[in-house]
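As numbered in our numbering, residues 41 to 494 make up the sequence shown, in order.
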Amino acid sequence: MRTDLVVIGAGPAGLAASLAASARGAGVVLVDGATETGGQFYRQPAARLGAGRPEALHHRWRTWERLRDGLAASAVRVLTDHHVWCVERTPGGFTVHALLGPEQEEPAEVHADAVLLATGGYEHVLPFPGWTLPGVVTAGGAQAMLKGALVVPGRRAVVAGTGPLLLPVATGLAAAGVEVAALVESAAPGRLARHGPALAGKLPEGAVYAVRLLRHGVPFLARHTVVRAHGDDRLTGVTVAALDATGRVRPGSERHLPCDTLAVSHGMLAHTDLAEGLGCRLDGHTVAVDSEQRTDVPGVWAAGEATGIGGAALALAEGHIAGCSAAARLHGTEPTPAPAALKARTGLRKTAAALASAYAPPAHWPEQVTDDTVVCRCEEVTAGAVRDALDLGAGDARTVKLLTRAGMGWCQGRMCGTAVAGLAGCPPTPSRRPFARPVPLGVLARPHPQEGLS
Ligand SMILES: Cc1cc2nc3c(=O)[nH]c(=O)nc-3n(C[C@H](O)[C@H](O)[C@H](O)COP(=O)(O)OP(=O)(O)OC[C@H]3O[C@@H](n4cnc5c(N)ncnc54)[C@H](O)[C@@H]3O)c2cc1C
Numbered sequence: 041m042r043t044d045l046v047v048i049g050a051g052p053a054g055l056a057a058s059l060a061a062s063a064r065g066a067g068v069v070l071v072d073g074a075t076e077t078g079g080q081f082y083r084q085p086a087a088r089l090g091a092g093r094p095e096a097l098h099h100r101w102r103t104w105e106r107l108r109d110g111l112a113a114s115a116v117r118v119l120t121d122h123h124v125w126c127v128e129r130t131p132g133g134f135t136v137h138a139l140l141g142p143e144q145e146e147p148a149e150v151h152a153d154a155v156l157l158a159t160g161g162y163e164h165v166l167p168f169p170g171w172t173l174p175g176v177v178t179a180g181g182a183q184a185m186l187k188g189a190l191v192v193p194g195r196r197a198v199v200a201g202t203g204p205l206l207l208p209v210a211t212g213l214a215a216a217g218v219e220v221a222a223l224v225e226s227a228a229p230g231r232l233a234r235h236g237p238a239l240a241g242k243l244p245e246g247a248v249y250a251v252r253l254l255r256h257g258v259p260f261l262a263r264h265t266v267v268r269a270h271g272d273d274r275l276t277g278v279t280v281a282a283l284d285a286t287g288r289v290r291p292g293s294e295r296h297l298p299c300d301t302l303a304v305s306h307g308m309l310a311h312t313d314l315a316e317g318l319g320c321r322l323d324g325h326t327v328a329v330d331s332e333q334r335t336d337v338p339g340v341w342a343a344g345e346a347t348g349i350g351g352a353a354l355a356l357a358e359g360h361i362a363g364c365s366a367a368a369r370l371h372g373t374e375p376t377p378a379p380a381a382l383k384a385r386t387g388l389r390k391t392a393a394a395l396a397s398a399y400a401p402p403a404h405w406p407e408q409v410t411d412d413t414v415v416c417r418c419e420e421v422t423a424g425a426v427r428d429a430l431d432l433g434a435g436d437a438r439t440v441k442l443l444t445r446a447g448m449g450w451c452q453g454r455m456c457g458t459a460v461a462g463l464a465g466c467p468p469t470p471s472r473r474p475f476a477r478p479v480p481l482g483v484l485a486r487p488h489p490q491e492g493l494s
């Protein structure tokens, strides 16, 4: 299949980009690994579940309806269940390599003049004793179970970590009938207050969540952290403790909260694998883009959380700007994005920067990680093994990896990379993975690339 523009990722950014580019005359193919469009924010329940009121689990539903109906009325060709493992620069454009089918072993390709990466982000979870017990899930995972499968992860939950995502997760679980024993947020309220003007636009949303927490009787423990999850073969409770001003646990402040679910998150990380494979420059851990959302590789745009964690509204604005730019540049004209999108992007990026600074994980989290805590779950490498590697002279995450295998497993360090770097006391480095997904050898060894996806 050949098209003008292939958009990878059908979340808010990819949907807005596809609609903008298509409305401006570009042929667009929108590819996503999920079975439905919507991305993380507008995750939809499977049709077979027959959800009567899916909007009850969402906010900004009207925006979703506008995107969904716009897509249905557009000329955009949507390919769901297509997991992109690599984008290759080819003469005259790009080839997007995907895997489809239940086993993700069937290869498919899309050829395009330009590529727009809207691959979003994933959750960041730091290790602590007991975090591998069944019953410990990511906060977004709990949210995904609720929105996508209409199930709750347990009966009595603690929601913990840091970041704005904890609020919709705690209120969503409580509204679905889960007893939420506490929302444990490691950030101090004072840090939010310090960013007053930049966060003013978020106040009404924050107030709505505060009212919902009160209504459901959810205790809010600010400047607290989970220091241990307990249980033999599944979670039975957690120990939480207060943090001092430096981010250290206050001795003697520990208390036990019985629960069968711990939904935990320490923020989000951008999906940058495809961009890195194309040679795009990163800005820290996100894809660097210019004012039109162009990367430094000609013909490659990026939008949404791949370019910085900032929420669905920012993803929509960036997607629109990127889609306008891609269509215009493909036709050799100047882009004309909606002024409202440009204004929204400026304001929302300031808000995102303020939130990132206010919600950083506790500075001294490695002190709570006991030697027997598994850090790399794929290769079952413990914190003790990482510390042994440091004793042997390892001074960076890559050398720790060579000595311990941490980061060499199925997820290729996506989950443990920041934790290993934190334990090693060095900044995390992008890992430059050649493929965004595991690929069967049979697909790599194919004698000829397959054409067509129909
Ligand atoms: C688990 C989770 C739960 C969240 N819950 C909330 C919430 O409750 N409230 C809130 O305000 N914000 C929430 N967020 C944040 C919010 O979802 C994002 O701000 C917003 O969705 C960003 O939009 P996006 O288009 O950039 O990315 P996303 O919505 O993440 O969309 C990216 C899309 O790209 C696809 N994709 C990625 N890589 C590939 C690939 N290699 N091949 C094919 N497809 C690919 C994914 O399947 C996904 O559909 C959540 C985020 C996560 C990760």
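Glycine included, every Cβ here is placed at the ideal spot set by N, Cα and C.
### Message
I want to check one thing, is the minimum distance from the CB of E316 to the heavy atoms of ligand 1 below 6 Å?
### Response
As a working mapping, residue 316 is identified with position 276 in the sequence shown. Because no heavy atom of ligand 1 lies under 6 Å away, the Cβ of E316 does not count as near it: no.
When DSSP labels each residue in this structure, what does W101 get in the three-state scheme? Counted from its first residue, the sequence shown places residue 101 at position 61. If DSSP states are grouped into helix, strand and coil, W101 belongs with the helices.
Classify A189: buried if its beta carbon has 16 or more other beta carbons within 10 angstroms, exposed otherwise. Indexing the sequence shown from 1 puts residue 189 at position 149. A189 should be labelled exposed.
* To do: Inspect the beta-carbon positions of G349 and M308 and report whether they are closer than 7 Å.
  => Position 309 of the sequence shown, counted from the first residue, corresponds to residue 349. Position 268 of the sequence shown, counted from the first residue, corresponds to residue 308. Note on identity: in this sequence residue 349 is Ile, with Gly being the wrong assignment. Going by C-beta atoms, I349 is nearer than 7 Å to M308.
* To do: May I ask you to list the residues that DSSP assigns as paired with I48?
  => Here the question's residue 48 lines up with position 8 in the sequence shown. I48 pairs with V71, L157.
In the structure shown, what three-state DSSP assignment does H137 receive? On the sequence shown, residue 137 is found 97 positions in, with the first residue counted as 1. It is a strand residue.
Inter-residue CB distance, T301 and Y249 (contact presumed, cutoff 8 Å): The residue you call residue 301 lines up with position 261 of the sequence shown. The residue you call residue 249 lines up with position 209 of the sequence shown. Not quite, the Cβ-Cβ distance comes to about 19 Å (not below 8 Å), so this is no contact.
**Q.** Cβ-Cβ distance between L107 and L55 below 7 Å
**A.** Position 67 of the sequence shown, counted from the start, is the residue given in the question as residue 107. Position 15 of the sequence shown, counted from the start, is the residue given in the question as residue 55. Yes, Cβ-Cβ distance for L107 and L55 is below 7 Å.
Cβ of V345 within 6 Å of any heavy atom in ligand 1? The sequence position of residue 345 within the sequence shown is 305, counting from 1. Reading the sequence as shown, one finds Glu at residue 345 and not Val. For ligand 1, at least one heavy atom lies less than 6 Å from the Cβ of E345.
Checklist entry - Which residues mark the beginning and the end of the alpha helix (DSSP H) in which E316 is found? => result Residue mapping note: residue 316 aligns to position 276 of the sequence shown, counting from 1. 313 to 318 is the extent of the alpha helix (DSSP H) around E316.
key: Neighbourhood of V483 by C-beta, 6 Å cutoff - its chain only, sequence neighbours within 5 removed   = If you number the sequence shown from 1, residue 483 lands on position 443. Within the same chain, V483 has close Cβ partners P147.
Alpha carbon of E332 to alpha carbon of S365, nearest angstrom: Here the question's residue 332 lines up with position 292 in the sequence shown. Here the question's residue 365 lines up with position 325 in the sequence shown. Taking the straight line joining both Cα atoms gives about 6 Å.
Q.
I'd like to confirm the pairing. Which residues does DSSP put opposite W341 in its beta bridges?
A. Along the sequence shown, read from residue 1 onward, the residue named residue 341 stands at position 301. DSSP, once it has assigned bridges, lists L156, R334 as partnering W341.
What residue range is occupied by the uninterrupted alpha helix (DSSP H) comprising M185? Indexing the sequence shown from 1 puts residue 185 at position 145. Element bounds for M185: 179 to 189.
Review point. Considering only C-alpha positions, which residue in the set E149, T120, A96 is nearest to G133?
Key: Locating residue 133 in the sequence shown gives position 93, where the first residue counts as 1. Answer by Cα proximity: E149.
Does the distance from the C-beta atom of L516 to that of R263 stay below 7 Å?
Within the shown structure, residues of the chain are numbered from 41 to 494, placing residue 516 beyond reach of any answer.
Review point. What are the boundary residues of the beta strand (DSSP E) that A119 is part of?
Key: Here the question's residue 119 lines up with position 79 in the sequence shown. What sits at residue 119 in the sequence shown is Leu, not Ala. Note, L119: beta strand (DSSP E), 117 to 119.
Do you know offhand how far G160's Cα is from E407's?
Taking the sequence shown and counting its residues from 1, one reaches residue 160 at position 120. Taking the sequence shown and counting its residues from 1, one reaches residue 407 at position 367. Roughly 31 Å between the two C-alpha positions.
With burial defined as no fewer than 16 other Cβ atoms inside 10 Å of the residue's Cβ, what is the status of S305: buried or exposed? Residue 305 sits at position 265 when you count from the first residue of the sequence shown. Under this definition S305 is a buried residue.
With a threshold of 16 other CB atoms inside 10 Å of the CB of D72, please say whether the residue is buried or exposed. Stepping through the sequence shown from its first residue, residue 72 is reached at position 32. Under this definition D72 is a buried residue.
query = Of the residues A355, A303, P379, which one's Cα is nearest the Cα of A214?
reply = One-based indexing of the sequence shown puts residue 214 at position 174. Out of A355, A303, P379, A303 has the C-alpha closest to the C-alpha of A214.
query = On the three-state DSSP scale, how would you describe R418?
reply = What you label residue 418 is simply residue 378 of the sequence shown in a count that begins at 1. Looking at the sequence itself, residue 418 is Cys, so the reference to Arg does not match. Residue state, collapsed to three classes: coil.
**Message:** Quick check: A429 and V409, are their CB atoms within less than 7 Å of each other?
**Reply:** Numbered from its first residue, the sequence shown carries residue 429 at position 389. Numbered from its first residue, the sequence shown carries residue 409 at position 369. For A429 and V409, no; Cβs fall outside 7 Å.
Item checked: Residue of E128, G359, H256 minimising C-alpha distance to E316 -> Mapped onto the sequence shown, residue 316 falls at position 276. Per the Cα distances, E128.
ask   = L173 and R274 look like a contact to me (Cβ under 8 Å); what is the Cβ gap, rounded to whole Å?
value = To locate residue 173, count along the sequence shown from 1; it is residue 133. To locate residue 274, count along the sequence shown from 1; it is residue 234. About 6 Å; that satisfies the 8 Å criterion.
- Among residues of its own chain, excluding the 5 on either side of A9, which ones have a beta-carbon nearer than 6 Å to its beta-carbon? The structure shown does not extend to residue 9, since the chain is modelled only from 41 to 494, so the question has no answer here.
Would you identify the three-state DSSP class for V266, choosing helix, strand or coil?
Within the sequence shown, residue 266 is the residue found at index 226, counting from 1. Correct three-state label for V266: strand.
- Query: Quick one: is W405 buried, meaning 16 or more other Cβ sit within 10 Å of its Cβ, or exposed?
  - Reply: Sequence index remark: in the sequence shown, residue 405 carries index 365 (1-based). Looking at its Cβ environment, which holds 16 or more other Cβ atoms inside 10 Å, W405 is buried.
When DSSP labels each residue in this structure, what does Q490 get in the three-state scheme? Stepping through the sequence shown from its first residue, residue 490 is reached at position 450. Because Q490 sits at a pLDDT of 48, beneath the cut-off of 50, its placement in the model cannot be relied upon, and the following sentence gives the value as read from the coordinates. DSSP places Q490 in coil when its eight states are reduced to three.
Q) Roughly how many angstroms lie between the CA atoms of G51 and A346, to the nearest whole one? A) Start at 1 with the first residue of the sequence shown, and residue 51 comes out as number 11. Start at 1 with the first residue of the sequence shown, and residue 346 comes out as number 306. For G51 and A346, the distance between alpha carbons rounds to 11 Å.
| request: Return the CA-CA distance between D436 and T43, expressed in angstroms with no decimal places. | output: The residue you call residue 436 lines up with position 396 of the sequence shown. The residue you call residue 43 lines up with position 3 of the sequence shown. Cα to Cα, D436 sits roughly 43 Å from T43.
Quiz item: So P28 is in the beta strand (DSSP E); what residue range does that whole segment cover?
Solution: Outside the shown range of the chain (41 to 494) lies residue 28, about which nothing can therefore be said.
*In whole angstroms, what is the alpha-carbon distance linking W171 and G447?*
In the sequence shown, the residue the question calls residue 171 occupies position 131. In the sequence shown, the residue the question calls residue 447 occupies position 407. The straight-line gap from Cα to Cα measures roughly 17 Å.
Where does L481 fall in DSSP's three states? Locating residue 481 in the sequence shown gives position 441, where the first residue counts as 1. Helix at L481.
ask   = Across which residues does DSSP place G271 in a beta bridge pair?
value = Within the sequence shown, the letter at position 231 stands for residue 271. In the DSSP output, where bridge partners are listed per residue, G271 has none listed.
Check your understanding: Per DSSP, what kind of secondary structure is A400 in: helix, strand or coil?
Key -> Here residue 400 refers to the residue found at position 360 of the sequence shown. Reduced to three states, the DSSP call for A400 is coil.
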